[in-house]
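Trainee:
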Amino acid sequence: MAAITAAEEGLSSVLVLEASSKPLEKVRISGGGRCNVTNACWNPIDLVANYPRGGKPLLGPFSRFAVGDAVSWFANHGVNLLEEEDGRMFPASNSSDEIVSCLRNSAKGLGITIRTSIFVQKVNHINGQGFLLYCRNGKTLSASRILLATGSHPSGRHIAVGLGHSVEATVPSLFSLTLNDTWLTSCPGLSFEKVRLSLNVGEESFNEEGKMLITHWGLSGPVILKLSAFAARSLHTNKYRGLLSIDWLGSDIEDVKEVLIKSRYQNARRTLFACSPFPQIPKRLWRSILTYLDIPADVKWAHLSSISEKRLLKLLAHNFFKIVGRGPFGEEFVSAGGVKIEEVNLKRMESQLCKKLYFAGEVLNIDGITGGFNFQHCWTSGWLAGKAIAQDYFVSRQGQ
Ligand SMILES: Cc1cc2nc3c(=O)[nH]c(=O)nc-3n(C[C@H](O)[C@H](O)[C@H](O)COP(=O)(O)OP(=O)(O)OC[C@H]3O[C@@H](n4cnc5c(N)ncnc54)[C@H](O)[C@@H]3O)c2cc1C
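Count along the sequence shown starting at 1, add 6, and that's the number in our numbering.
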């Protein structure tokens, strides 16, 4: 995005150095091969709320290039993006190859040189004369301006540190949670449209509401991934231990109590298993809950002991789970941490410490929740950096 933008602004000598043999590999595997390019969150004020690291400082960049701009950019480069019910946006072909081809062909058409299998190990800044890049193959290259867009690879952060920057240590984000509660994990595949969650990690508390999925090892789904993103650093510090409260029914304890009391009278002659008063709880989970609480499934509502009723109420209304670890990642995975954004002029994506050094994407201490937000900040920062690099080049030429 940065290279294309700089070339479209008129820069004639743009070189992309790529360590692997295939550029854009992460784009190709993204979104389960579909590439969730962005999210239909059109207003920058709403957009920034989706970045646990980044947040408000991103208001400036997004006010210049936000979701609508990304959608138009891709349309102008031949790719139509379609919105799904939950707001995620994918290429109309439903294939990440369309995005890879779009970027590759646009770069080719603009005469951008892409050199693959070139791993940049170190960069030196020579005052007034630009940069010297030392590659693993022993070659040295020089450049008047450089953009670091090395994603989560540690080499990018090392280069940034070598050029005077400081970094926030990286930790994983967007992961599922592992629990030991077998009565829950014995129901994999069950999903819940809207649950309220509260996660306590050490002294901190995180609250979220949304769709949740039960897995073989614990919990996943959009609300869990979101929780993991906001609690990423605290969970890492606490060795992925915490206490999760799940409000299955989205109502408070008094409401649940009332439902149970009513059921005792209205369904007096029916069995607990046959007649669950909670349509939100799937039958499979309802059976698992009764088994866990030692309540025989064939007991009639009229014969439900008050102790069993209390235990049922406690479990349904205020259910606490011990988080015992980090589960596998969802379709998307990013690192929290990276180059500190306080040291970067976010209007131009230029370093405040080293002139003519620019940053874009995941190398920065910016990350979003799942749903296309991670690519969105990459498009935004790449576009801003590309513009700024071209502008700086033409301004410096005028001065000569
Ligand atoms: C499985 C998976 C699925 C994802 N799906 C989505 C999704 O659908 N939607 C979404 O918004 N986000 C998604 N993400 C996150 C998204 O892919 C990243 O946020 C994004 O790719 C970051 O872009 P980037 O350009 O900063 O870094 P990258 O895409 O990681 O690109 C950095 C490039 O720099 C190269 N490089 C690194 N170091 C050097 C070096 N020293 N010298 C030369 N080259 C170097 C790397 O080889 C790489 O090609 C997904 C992530 C994963 C892992």
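Virtual Cβ for every residue (Gly too), placed ideally from N, Cα, C. All figures in this text were calculated on a predicted structure; none of them were measured in a lab.
Could you give the distance in angstroms between the alpha-carbon of Glu90 and the alpha-carbon of Ser102?
Mentor: Approximately 16 Å, taken between the alpha carbons.
Trainee: Can you check DSSP and say which residues form a bridge with Pro97?
Mentor: DSSP output for Pro97 lists Leu87 as bridge partner(s).
Trainee: What are the start and end residues of each continuous beta strand (DSSP E) run of 3 or more residues lying completely inside the region 117 to 185, in chain order?
Mentor: Fully enclosed beta strand (DSSP E) runs of 3 or longer: 119 to 121, 126 to 132, 136 to 141, 146 to 149, 152 to 154, 173 to 185.
Trainee: What residue from Ser179, Val262, Pro58, Asn49 has the CA that sits closest to Phe68's CA?
Mentor: The residue with the shortest Cα to Cα distance from Phe68 is Asn49.
Trainee: What does the alpha-carbon distance come out to for the pair Arg275 and Ser282?
Mentor: Distance between the alpha carbons of Arg275 and Ser282 is about 13 Å.
Trainee: Am I right that His171 and Ser357 are in contact with their C-beta atoms under 8 Å? What's the rounded C-beta distance?
Mentor: With 8 Å as the limit, His171 and Ser357 qualify as a contact, their Cβ atoms being about 7 Å apart.
Trainee: For the 8 Å Cβ check, are there 3 or more pairs between the region 207 to 222 and the region 305 to 313?
Mentor: Touching, no, given that fewer than three Cβ pairs across the two stretches are closer than 8 Å.
Trainee: Under the three-state reduction of DSSP, which class applies to Glu24: helix, strand or coil?
Mentor: The answer is coil: DSSP assigns Glu24 none of H, G, I, E or B.
Trainee: By the three-class DSSP mapping on this structure, what secondary structure does Arg275 have?
Mentor: Coil, per DSSP.
Trainee: In three-state terms, what does DSSP make of Lys362?
Mentor: The answer is coil: DSSP assigns Lys362 none of H, G, I, E or B.
Trainee: Within 10 angstroms of the Cβ of Asn45, are there 16 or more other Cβ atoms? Answer buried if so, exposed if not.
Mentor: With 16 or more other Cβ atoms within 10 Å, it is buried.
Trainee: Whose C-alpha, out of Val177, Ala323, Trp307, is nearest the C-alpha of Leu370?
Mentor: Looking at the Cα atoms, Val177 is the closest of the given residues.
Trainee: Would you say the region 112 to 131 touches the region 8 to 21, given that touching needs at least three Cβ pairs under 8 Å?
Mentor: Yes: the two stretches touch, three or more of their Cβ pairs being nearer than 8 Å.
Trainee: I need the straight-line Cα distance from Thr156 to Gly336, nearest angstrom please.
Mentor: Rounded to the nearest angstrom, the two C-alpha atoms are 22 Å apart.
Trainee: Reducing DSSP to helix, strand and coil, say where Asn371 ends up.
Mentor: Three-state DSSP puts Asn371 in coil, outside helix and strand.
Trainee: Roughly how many angstroms separate the alpha carbons of Ser78 and Ala303, rounded to a whole number?
Mentor: Computed Cα separation, rounded: 57 Å.
Trainee: If you draw a straight line from the C-alpha of Ala394 to the C-alpha of Ser18, how long is it?
Mentor: Looking at the two C-alpha atoms, the distance is approximately 15 Å.
Trainee: Just the C-alpha distance for Gly344 and Ala366, rounded to the nearest angstrom, thanks.
Mentor: Looking at the two C-alpha atoms, the distance is approximately 11 Å.
Trainee: Alpha carbon to alpha carbon, how far is Ala25 from Phe125?
Mentor: Their backbone Cα atoms lie some 4 Å apart in a straight line.
Trainee: Once the 5 residues before and after Asp258 are set aside, which same chain residues still bring their CB inside 8 Å of it?
Mentor: Counting only Cβ-Cβ distances below 8 Å, and skipping sequence neighbours, we find Ala323.
Trainee: Using DSSP with H/G/I as helix, E/B as strand and the rest coil, what is Thr11?
Mentor: Of the three classes helix, strand and coil, the one that applies to Thr11 here is helix, per DSSP.
Trainee: Say the cut is 6 Å; is the CB of Glu104 nearer than that to a heavy atom of ligand 1?
Mentor: No, Cβ of Glu104 sits at least 6 Å from all heavy atoms of ligand 1.
Trainee: Quick one: what's got a C-beta closer than 8 Å to Thr191's C-beta in the same chain, skipping five residues either side?
Mentor: Closer than 8 Å at Cβ, skipping near neighbours: Leu185, Ile220, Thr221, His222, Trp223, Gly224.
Trainee: Taking just the CA atoms, how far does Ser387 sit from Lys217?
Mentor: Cα to Cα, Lys217 sits roughly 30 Å from Ser387.
Trainee: So who's on the other strand from Phe212, going by DSSP bridges?
Mentor: Paired residue(s): Leu205.
Trainee: Just to confirm my understanding: we take Arg421, look at its own chain, exclude 5 residues before and 5 after, and list those with CB closer than 6 Å. What are they?
Mentor: The structure shown has nothing for residue 421, since the chain only spans 7 to 406.
Trainee: Just how far apart, CA to CA, sit Asn82 and Lys289?
Mentor: Each residue's Cα considered, the two are about 50 Å apart.
Trainee: Assuming Lys328 is part of the beta strand (DSSP E), what are its boundary residues?
Mentor: 325 to 345 is the span of the beta strand (DSSP E), which, as asked, contains Lys328.
Trainee: Quick test of the definition: if touching needs 3 or more C-beta pairs under 8 Å, does the region 197 to 205 touch the region 153 to 169?
Mentor: The region 197 to 205 is not in contact with the region 153 to 169.
Trainee: Starting from Gly227 and walking both ways along the alpha helix (DSSP H), at which residues does that stretch end?
Mentor: Note, Gly227: premise wrong, no alpha helix (DSSP H); not H, not E.
Trainee: Under the criterion of a Cβ to heavy atom distance below 6 Å, does His131 qualify as lining ligand 1?
Mentor: Checking the Cβ of His131 against ligand 1 gives no.
Trainee: How big is the Cα-Cα spacing for Leu495 and Lys306?
Mentor: Only positions 7 to 406 of the chain appear in this structure, which leaves residue 495 out of reach.
Trainee: For Pro29, count the other beta carbons within 10 Å of its own beta carbon; 16 or more makes it buried, fewer makes it exposed. Which is it?
Mentor: Counting Cβ neighbours within 10 Å, Pro29 comes out buried, since at least 16 surround it.
Trainee: Give the straight-line distance between the Cα atoms of Phe96 and Thr122, rounded to the nearest whole angstrom.
Mentor: Rounded to whole angstroms, Phe96 to Thr122 spans 27 Å at the Cα level.
Trainee: Does Asp373 pass the burial test, meaning 16 or more other C-beta atoms within 10 Å, or should it be called exposed?
Mentor: Result: buried.
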